[in-house]
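S.K.: So the sequence shown is residues 166 to 796, counted in our numbering. There's a structure below that I have some questions on.
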Amino acid sequence: MDLLTSFFDGSYMPHGHCYLWRPEILWTHVLSDILIAASYFSIPVLLFLIKKKRTDWKFKKVFLLFSLFIFLCGVTHLLSIFTIWHGIYGIHGVAKIATAVVSVLSAVVLFKLIPNILSIPSVEQIETANRLVAEKEIEKSRLQAERESERLFKLSLNAAPVGLLAIGKRGVIRIVNDEINEIFGFQNSELVDMEVSSLFVESNFFSQEVIDRLTSEQGPNFRYISPSIIYAKKKNGDLVPVEVRAHGETYLGEQIIFMSVSDQSYKVQAEEVRSYLSEIVSSCDDAIIGKELDGTVTHWNPAAETLYGYDESEMVGESILKIVPQELHQQVFDFLNELKSGKKIKHIETIRVKKDGSLVNVMLTISPVKDFDGKVIGASVIARDITENINAKKALERQNRALERSNKELESFAFIASHDLKEPLRKIISFGQLIKEEVEAKLEPDTKDYLQYMISATVRMQSLLQSLLTYSRVTSRAKPFENVALNQVIKTVLTDLELKIEETEADIQVVELPEILAEPSQMYQLFQNLISNSLKYRKSDETPRIKIYSEQVNIHQVTVFVEDNGIGFEQKYSEQIFEMFKRLHGRSEYEGTGVGLAICRKIVEHHGGTIMATSSPGEGTVIELHFNMNE
166 MDLLTSFFDG SYMPHGHCYL WRPEILWTHV LSDILIAASY FSIPVLLFLI KKKRTDWKFK
226 KVFLLFSLFI FLCGVTHLLS IFTIWHGIYG IHGVAKIATA VVSVLSAVVL FKLIPNILSI
286 PSVEQIETAN RLVAEKEIEK SRLQAERESE RLFKLSLNAA PVGLLAIGKR GVIRIVNDEI
346 NEIFGFQNSE LVDMEVSSLF VESNFFSQEV IDRLTSEQGP NFRYISPSII YAKKKNGDLV
406 PVEVRAHGET YLGEQIIFMS VSDQSYKVQA EEVRSYLSEI VSSCDDAIIG KELDGTVTHW
466 NPAAETLYGY DESEMVGESI LKIVPQELHQ QVFDFLNELK SGKKIKHIET IRVKKDGSLV
526 NVMLTISPVK DFDGKVIGAS VIARDITENI NAKKALERQN RALERSNKEL ESFAFIASHD
586 LKEPLRKIIS FGQLIKEEVE AKLEPDTKDY LQYMISATVR MQSLLQSLLT YSRVTSRAKP
646 FENVALNQVI KTVLTDLELK IEETEADIQV VELPEILAEP SQMYQLFQNL ISNSLKYRKS
706 DETPRIKIYS EQVNIHQVTV FVEDNGIGFE QKYSEQIFEM FKRLHGRSEY EGTGVGLAIC
766 RKIVEHHGGT IMATSSPGEG TVIELHFNMN E
């Protein structure tokens with residue numbers, strides 16, 4: 166109780182004695198503290214007004230803590246004025262402790278928000294994603310269009326050679342032409358005097374009964390004598406599908422049967438291809454529609470049934486306008502006119518009407534179908550439901566807008582951090598050191614420790630804040646790239662690190678390095694971090710050695726190596742060391758914020774390159790930087 170009473174006793178010597186009550190010194194401090202306190206009290210009010218106007222801003226806890234932190238800073242300045250005439254140092258100390266607690270809480274909350282801020286996708290990632298989706302869609306449409314064109318081309322082939330035979334009354338071959346020889350693989354003389362029935366697999370196909378009927382029913386017209394395609398035997402034993410027609414005539418007083426044999430191999434193959442392609446069309450996820458030049462539907466695949474809700478029987482023979490909104494009829498007529506000139510219409514986004522009356526967003530590719538003379542006789546339409554794509558596009562646009570807002574918030578935060586937080590931190594450190602120097606002898610040991618903890622924590626917060634700002638500015642304040650001589654950059658870095666290099670007696674060797682297209686200040690930051698890291702994690706019993714050299718991969722790419730003989734680390738941590746705040750050692754062993762290598766990776770990736778590390782405990786570390794030289 167006595168200690169508490171003594172702590173809050175106001176009878177201590179007023180601070181004015183330290184100024185020897187000299188008016189010019191005293192009022193300089195009083196007026197300065199009044200102005201600072203007034204500024205600190207006004208800042209929370211301004212933050213509140215800004216937050217009230219901008220309801221879309223996030224991070225309410227951060228605004229609240231920063232406002233409270235700045236407000237308490239103002240309170241400490243008012244108490245500093247009061248202690249000039251009244252020695253209430255205990256109350257003044259409590260106010261500073263409160264300020265310290267709030268400042269630490271602010272740092273913790275800020276630390277927890279870092280994953281949220283880092284999770285925001287970059288513009289480059291979104292652009293890369295958009296480009297990949299567009300390329301895949303174009304390639305898929307191109308392949309589908311090629312398959313459809315191939316199907317229509319194959320289905321349009323319908324020619325077959327025709328062979329002629331003159332057969333006697335007993336079924337013996339009398340006369341043949343070149344085409345029949347081509348079909349069966351014989352020479353002219355080889356077929357003459359052969360029985361025609363020996364050419365067919367079914368020996369009873371051309372029986373005497375058939376011959377008698379043909380000779381008795383003479384006439385100028387050929388007629389089918391096979392109900393369907395039958396198989397004939399070629400000279401080499403192969404079977405060939407054929408279609409047979411025949412009629413009887415009297416020639417030179419003799420009953421002759423004239424037979425036409427047409428090779429149906431192409432027809433059979435075409436049927437197989439048609440069946441194969443029809444299966445492809447039927448199993449295709451895209452709606453495939455065939456139509457004539459007047460818009461009449463001739464083909465309607467299952468995917469079209471699924472997309473529009475109409476069965477094939479409901480659409481074949483109907484006008485395509487049945488699924489087109491009234492206001493888009495003219496668009497269809499325009500498409501038909503373009504098709505008549507042989508023009509192909511690609512990737513048109515439009516709207517169609519389903520059977521239930523609902524509208525559906527589709528992408529159309531319309532190709533002209535031509536006959537053997539090259540005349541356009543119809544059209545093939547590929548329709549794809551792009552409702553999900555449009556929804557995804559809208560979602561992406563919303564995400565882009567959210568990203569823009571987040572980037573603005575991040576820039577606002579960086580501005581506040583760089584302008585409004587640095588100064589209070591510097592003052593906390595400065596005044597903390599002054600208090601420690603002036604009243605250290607009068608403080609209890611625990612109080613001294615508390616004061617030192619406050620100063621150390623503030624210094625760490627200041628360092629962490631600067632590291633975070635550096636990390637965020639890699640892309641937010643990026644400058645245009647230019648040709649950068651890496652040797653000159655490293656020379657500047659070594660000059661700035663001269664004292665540390667002399668202190669550690671480090672041996673640094675820099676081999677001739679190339680020029681690359683980069684941002685000079687970021688290259689400086691990159692190599693300063695890497696060299697400083699090598700010096701920091703050196704072996705205590707060995708002279709630190711650092712070698713920087715490069716290797717030309719090809720005319721466009723180069724790899725820069727930063728190799729040291731330091732303490733190294735286990736290779737399983739080679740990815741983790743580039744993560745934010747990832748440390749393999751405690752602060753008691755090696756000081757730092759855990760942000761340096763994360764900054765290095767962000768700089769390298771900002772330049773379109775990659776960074777990797779190879780190491781083992783006690784064997785040193787090799788950092789590889791992969792750069793594009795002219796991109």
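Note that beta-carbon positions come from the ideal geometry of N, C-alpha and C, so glycine has one too.
Should the stretch 695 to 714 be called in touch with the stretch 658 to 673, which here means at least 3 C-beta pairs below 8 angstroms?
M.R.: Touching, yes.
S.K.: Bridge partners for ALA650 per DSSP, in chain order?
M.R.: The sequence position of residue 650 within the sequence shown is 485, counting from 1. Answer by DSSP bridge pairing, in chain order: GLU680.
S.K.: Output yes or no for whether 7 angstroms exceeds the beta carbon distance between ILE555 and ILE531.
M.R.: Residue numbering aside, residue 555 sits at position 390 when the sequence shown is read from its first letter. Residue numbering aside, residue 531 sits at position 366 when the sequence shown is read from its first letter. Not in contact: ILE555 and ILE531 (Cβ atoms no closer than 7 angstroms).
S.K.: Between VAL409, TYR473 and LEU458, which has its C-alpha nearest LYS505's C-alpha?
M.R.: Translated into the one-based positions of the sequence shown, residue 505 becomes position 340. Nearest option by C-alpha distance: LEU458.
S.K.: Let's see if you can read the secondary structure: which residues bound the alpha helix (DSSP H) around TRP465?
M.R.: What you label residue 465 is simply residue 300 of the sequence shown in a count that begins at 1. No alpha helix (DSSP H) contains TRP465, which is instead part of the beta strand (DSSP E) from 462 to 465.
S.K.: Considering only residues of the same chain and omitting the five flanking positions on each side of GLN598, which have a CB-CB separation below 6 angstroms?
M.R.: Translated into the one-based positions of the sequence shown, residue 598 becomes position 433. Counting only Cβ-Cβ distances below 6 angstroms, and skipping sequence neighbours, we find nothing.
S.K.: What residue from LEU229, LEU214, CYS765 and GLU647 has the CA that sits closest to ALA272's CA?
M.R.: Position 107 of the sequence shown, counting from 1, holds the residue named residue 272. When only C-alpha atoms are compared, the closest one is LEU229.
S.K.: Which first and last residues belong to the beta strand (DSSP E) in which PHE423 is found?
M.R.: Locating residue 423 in the sequence shown gives position 258, counting from the first residue. That run of the beta strand (DSSP E) goes 419 to 428.
S.K.: Within 10 angstroms of the Cβ of GLU562, are there 16 or more other Cβ atoms? Answer buried if so, exposed if not.
M.R.: Against the sequence shown, residue 562 aligns to sequence position 397. By the neighbour-count rule (16 or more Cβ atoms within 10 Å), GLU562 is not buried but exposed.
S.K.: In terms of residues, what are the limits of the beta strand (DSSP E) holding LYS712?
M.R.: In the sequence shown, counting from the first residue as 1, residue 712 sits at position 547. 710 to 717 is the extent of the beta strand (DSSP E) around LYS712.
S.K.: From the DSSP output, in three-state form, read off SER511 for me.
M.R.: On the sequence shown, position 346 is the one that residue 511 refers to. Rather than Ser, the amino acid found at residue 511 in this sequence is Lys. Note: LYS511 maps to strand in three-state DSSP.
S.K.: Using CA coordinates, which residue listed in LEU212, ALA265 and ASP198 is at the minimum distance from LEU244?
M.R.: To locate residue 244, count along the sequence shown from 1; it is residue 79. Closest option to LEU244, Cα to Cα, is ASP198.
S.K.: Quick check on ASP550: does DSSP put it in helix, strand or coil?
M.R.: As a working mapping, residue 550 is identified with position 385 in the sequence shown. In this structure, ASP550 counts as strand in the three-state DSSP scheme.
S.K.: Find out if the Cβ-Cβ distance for the pair TYR702, ILE732 is shorter than 7 angstroms.
M.R.: As a first step, residue 702 must be located in the sequence shown, where it is residue number 537. As a first step, residue 732 must be located in the sequence shown, where it is residue number 567. Yes, these two residues count as a Cβ contact at 7 angstroms.
S.K.: Just mark ILE776 as buried or exposed, buried being the case when its beta carbon has 16 or more other beta carbons within 10 Å.
M.R.: Mapped onto the sequence shown, residue 776 falls at position 611. Buried, since its Cβ has 16 or more Cβ neighbours within 10 Å.
S.K.: So ILE485 and GLY507 are supposed to be a Cβ contact under 8 angstroms. How far apart are they, rounded?
M.R.: Position 320 of the sequence shown, counted from the start, is the residue given in the question as residue 485. Position 342 of the sequence shown, counted from the start, is the residue given in the question as residue 507. So it is not a contact: roughly 19 angstroms between Cβ atoms.
S.K.: Nearest to GLU514 by alpha carbon, out of GLY522, LYS520, VAL497 and SER523?
M.R.: The count along the sequence shown starts at 1 and reaches residue 514 at position 349. Considering only alpha carbons, the answer is VAL497.
S.K.: Measure the C-alpha to C-alpha separation of LEU524 and ASP550 and round it to an integer number of angstroms.
M.R.: Taking the first residue of the sequence shown as 1, we reach residue 524 at position 359. Taking the first residue of the sequence shown as 1, we reach residue 550 at position 385. Distance between the alpha carbons of LEU524 and ASP550 is about 11 angstroms.
S.K.: Give the secondary structure of PRO803 by DSSP, where H, G and I count as helix, E and B as strand, and everything else as coil.
M.R.: With the chain running from 166 to 796 in the structure shown, residue 803 is simply not present.
S.K.: Alpha carbon to alpha carbon, how far is ARG307 from PRO490?
M.R.: Numbered from 1 along the sequence shown, position 142 holds the residue referred to as residue 307. Numbered from 1 along the sequence shown, position 325 holds the residue referred to as residue 490. Their Cα atoms are separated by approximately 27 angstroms.
S.K.: Looking at the unbroken beta strand (DSSP E) that takes in HIS791, where does it start and where does it end?
M.R.: Residue 791 sits at position 626 when you count from the first residue of the sequence shown. 786 to 793 is the span of the beta strand (DSSP E), which, as asked, contains HIS791.
S.K.: In angstroms with no decimal places, state the Cα-to-Cα distance between TYR389 and GLN309.
M.R.: Reading the sequence shown from its first residue, position 224 is the one you call residue 389. Reading the sequence shown from its first residue, position 144 is the one you call residue 309. Low per-residue confidence applies at TYR389: pLDDT is 46, beneath 50, and the placement is therefore not dependable, though the value from the model is reported in the following sentence. Rounded to whole angstroms, TYR389 to GLN309 spans 41 angstroms at the Cα level.
S.K.: Comparing alpha-carbon positions, which option in GLN352, ILE348, ASP358 and LEU329 lies nearest GLY336?
M.R.: Residue numbering aside, residue 336 sits at position 171 when the sequence shown is read from its first letter. Out of GLN352, ILE348, ASP358 and LEU329, ASP358 has the C-alpha closest to the C-alpha of GLY336.
S.K.: Looking at the unbroken beta strand (DSSP E) that takes in GLN496, where does it start and where does it end?
M.R.: Translated into positions along the sequence shown, residue 496 becomes position 331. From DSSP, GLN496 is part of no beta strand (DSSP E) but of the alpha helix (DSSP H) over 494 to 505.
S.K.: In three-state DSSP terms, what is ASP729?
M.R.: Reading the sequence shown from its first residue, position 564 is the one you call residue 729. Three-state DSSP puts ASP729 in a strand.
S.K.: Hey, out of LEU678, GLU289, GLU477 and VAL649, whose CA is closest to GLU684's CA?
M.R.: Along the sequence shown, read from residue 1 onward, the residue named residue 684 stands at position 519. Nearest option by C-alpha distance: VAL649.
S.K.: According to the Cβ coordinates, are GLY785 and ASN719 closer than 7 angstroms?
M.R.: Translated into positions along the sequence shown, residue 785 becomes position 620. Translated into positions along the sequence shown, residue 719 becomes position 554. Cβ atoms of GLY785 and ASN719: not closer than 7 angstroms.
S.K.: I need the DSSP call for LEU322, collapsed to helix, strand or coil.
M.R.: By one-based count along the sequence shown, residue 322 stands at place 157. Confidence in LEU322 is poor, its pLDDT being 28 and thus under 50, which makes the residue's placement unreliable; the coordinate value appears in the next sentence. Coil.
S.K.: Could you check what DSSP says for TYR738 in three-state terms: helix, strand or coil?
M.R.: Walking along the sequence shown from the start, residue 738 turns up at place 573. It is helical.
S.K.: Are the beta-carbon atoms of PHE726 and VAL676 separated by less than 7 angstroms?
M.R.: Looking up residue 726 in the sequence shown gives position 561. Looking up residue 676 in the sequence shown gives position 511. Against a cut-off of 7 angstroms, the Cβ pair of VAL676 and PHE726 comes out as no contact.
S.K.: PHE234 and SER268 - do their beta-carbons sit closer together than 7 angstroms?
M.R.: What you label residue 268 is simply residue 103 of the sequence shown in a count that begins at 1. What you label residue 234 is simply residue 69 of the sequence shown in a count that begins at 1. Closer than 7 angstroms, so yes.
S.K.: What distance in whole Å lies between the Cβ atoms of MET424 and ILE332, which are believed to be in contact at a cut-off of 8 angstroms?
M.R.: By 1-based counting over the sequence shown, the position of residue 332 is 167. By 1-based counting over the sequence shown, the position of residue 424 is 259. Sure, about 6 angstroms apart at Cβ, within 8 angstroms.
S.K.: Apply the 10 Å Cβ neighbour rule to TRP192 and answer buried if 16 or more other Cβ atoms are within range, or exposed otherwise.
M.R.: One-based indexing of the sequence shown puts residue 192 at position 27. With fewer than 16 other Cβ atoms within 10 Å, it is exposed.
S.K.: Within this structure, are the beta carbons of ASN652 and CYS765 separated by less than 7 angstroms?
M.R.: For the purposes of this step, residue 652 is taken as residue 487 along the sequence shown, with counting starting at 1. For the purposes of this step, residue 765 is taken as residue 600 along the sequence shown, with counting starting at 1. Cβ distance not < 7 angstroms, so ASN652 and CYS765 don't count as in contact.
S.K.: Mapping the DSSP letters down to three states, classify PHE387 as helix, strand or coil.
M.R.: Looking up residue 387 in the sequence shown gives position 222. Note that PHE387 has pLDDT 48, beneath the 50 cutoff, so the model's placement of it is unreliable and no number is given.
S.K.: What are the partner residues of ARG517, as DSSP defines its beta bridges?
M.R.: The count along the sequence shown starts at 1 and reaches residue 517 at position 352. Answer is VAL525.
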